[in-house]
Amino acid sequence: MEGTRTELQMIKMSEIQSQEVAWLWYPFIPYGKLTIVQGDPGDGKTTLVLNIAAKLSKGEGIDSEMKLTEPLAVIYQSAEDGLADTVKPRLEAAGANCENISVIDESIKSLSMIDERLEEAVIRTKAKLLILDPIQAYLGGGMDMNRANEARDMTKKLAALAEKYQCAIVLVGHMNKAAGNKAAYRGMGSIDFFAVARSVMLVGRVEGEANIRAVVQIKNNLAAFGHPKAFELSEDGFRWLGDYEITADEVLGGIAPKANKLEQAKRLLREIAETNNAMQSNEIFNLAEEQGISRRTLENAKKELGIKAKRINNSWYWELDKIKSE
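Note that the UniProt record's numbering has the sequence shown beginning at 1, numbered continuously upward.
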């Protein structure tokens with residue numbers, strides 16, 4: 001049985017007007033495209049996007065790469081947290097102007113990624129950022145995000161919406177449990193979600209730093225990869241730390257970042273220097289080993305701090321009284 005015939009229509013590239021990509025947050029969140037923020041449950045994905053939304057609602061950026069001239073309208077859909085007891089208090093704690101943050105009412109009918117109300121809401125609010133948190137909650141009845149054809153249809157429609165109104169759309173997604181797999185394949189559901197998104201960020205814990213969460217870009221089709229970032233979660237709330245030395249593999253594998261180990265080694269040497277002008281090198285190596293710091297990392301820290309070694313009798317000592325200040 002023949003399918004319905006579709007009339008051939010051709011577009012010459014000469015007829016297309018070139019345009020530059022505009023950025024909400026360079027090079028992490030482009031306007032007019034889909035961005036995914038993914039990570040394990042409880043690792044800070046929602047906290048990050050909420051604080052971004054709060055900043056934008058006041059016309060501020062989370063860092064200097066968010067260049068705003070006025071407050072932006074934001075649509076934030078959360079299926080996992082209560083609006084009154086969780087979402088709004090967290091926005092208020094982040095200093096948001098809640099007048100500029102809207103939610104589509106789902107009390108009568110649940111929202112899906114292909115729901116026409118998304119476009120209506122973007123038109124009505126003139127939103128420049130639409131957040132769906134999490135992806136899994138907005139599939140719609142009967143849709144399976146693990147099936148490539150269904151996932152592709154959903155994401156293509158969302159992408160078309162983003163492009164039509166030059167609205168940045170951010171999808172927040174949980175990771176699956178396939179430990180050790182590449183970050184692209186640990187995103188929940190079909191790889192097509194990852195494929196259609198122009199930018200994908202991984203949010204995860206930093207081994208050895210209980211309150212710090214890393215933000216690592218693992219896909220970028222529009223610019224060079226952004227430098228990894230980090231933020232801190234504590235009793236005082238959210239604090240943006242900015243550039244951070246860590247890789248996606250270190251986040252996924254629960255491995256302490258090498259750069260962090262170097263800072264830890266330098267901190268150890270400074271602490272020893274507070275009570276010792278010199279110490280036998282073997283003793284220092286033993287103290288470092290207790291903290292999981294390798295001999296090589298310790299040697300690098302010694303070099304950066306300008307520490308000299310001196311042989312006394314048959315033992316080597318590190319002279320700690322002239323450590324470089326930073």
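Every residue, glycine too, gets a C-beta built ideally from N, C-alpha and C. Keep in mind that this is a model prediction, so the values were computed, not measured.
Label residue 18 either buried or exposed according to how many other C-beta atoms from any shown protein chain fall within 10 Å of its C-beta, with 16 as the threshold for buried.
Taking the sequence shown and counting its residues from 1, one reaches residue 18 at position 18. Label assigned to residue 18: exposed.
If we call anything under 7 Å between Cβ atoms a contact, is residue 198 one with residue 30?
The sequence position of residue 198 within the sequence shown is 198, counting from 1. The sequence position of residue 30 within the sequence shown is 30, counting from 1. A contact, by the Cβ cut-off of 7 Å.
Going by alpha carbons, who is nearest to residue 212 out of 163, 174, 42?
One-based indexing of the sequence shown puts residue 212 at position 212. Looking from the CA of residue 212, the closest CA among 163, 174, 42 belongs to 42.
Alpha-carbon spacing of residue 297 relative to residue 244, whole angstroms:
Residue mapping note: residue 297 aligns to position 297 of the sequence shown, counting from 1. Residue mapping note: residue 244 aligns to position 244 of the sequence shown, counting from 1. If you take the alpha carbons of residue 297 and residue 244, they lie about 18 Å apart.
DSSP on residue 35, reduced to helix/strand/coil?
As a first step, residue 35 must be located in the sequence shown, where it is residue number 35. In the structure shown, residue 35 sits in a strand (DSSP, three-state: E or B).
Can you check DSSP and say which residues form a bridge with residue 209?
Looking up residue 209 in the sequence shown gives position 209. Per DSSP, 206.
I'd like the span of the alpha helix (DSSP H) that includes residue 272, first residue to last.
Position 272 of the sequence shown holds residue 272. Residues 258–273.
Residue range of the beta strand (DSSP E) that includes residue 225:
On the sequence shown, position 225 is the one that residue 225 refers to. Where residue 225 is concerned, there is no enclosing beta strand (DSSP E), given that its DSSP letter is neither H nor E.
Delimiting residues of the alpha helix (DSSP H) encompassing residue 52
As a working note, residue 52 is residue 52 in the sequence shown. Counting along the chain, the alpha helix (DSSP H) containing residue 52 begins and ends at 45–57.
Specify the secondary structure class of residue 103 as computed by DSSP and reduced to three states.
On the sequence shown, position 103 is the one that residue 103 refers to. Three-state result, residue 103: coil.
Are residue 127 and residue 91 touching if we call contact CB-CB under 7 Å?
For the purposes of this step, residue 127 is taken as the residue at position 127 of the sequence shown. For the purposes of this step, residue 91 is taken as the residue at position 91 of the sequence shown. No.
C-alpha distance - residue 188 paired with residue 202, whole-angstrom precision
In the sequence shown, counting from the first residue as 1, residue 188 sits at position 188. In the sequence shown, counting from the first residue as 1, residue 202 sits at position 202. Since pLDDT at residue 188 reaches only 48, below the 50 mark, its modelled position is unreliable, and no value is offered.
Between the CA atoms of residue 171 and residue 152 - distance to the nearest angstrom:
One-based indexing of the sequence shown puts residue 152 at position 152. One-based indexing of the sequence shown puts residue 171 at position 171. Between residue 152 and residue 171, the alpha-carbon positions lie close to 14 Å from each other.
Residue 343 - DSSP class collapsed to helix/strand/coil
No statement about residue 343 is possible, as the shown extent of the chain runs from 1 to 326 and does not include it.
Give me the Cα-Cα distance between residue 119 and residue 66, rounded to the nearest whole angstrom.
Here residue 119 refers to the residue found at position 119 of the sequence shown. Here residue 66 refers to the residue found at position 66 of the sequence shown. C-alpha separation (whole angstroms): 25 Å.
Can you tell me where the beta strand (DSSP E) holding residue 238 begins and where it ends?
The residue given as residue 238 occupies position 238 in the sequence shown. 237–243 is the span of the beta strand (DSSP E), which, as asked, contains residue 238.
May I ask you to report which of helix, strand or coil DSSP gives residue 193?
Taking the sequence shown and counting its residues from 1, the one referred to as residue 193 is at position 193. Of the three classes helix, strand and coil, the one that applies to residue 193 here is helix, per DSSP.
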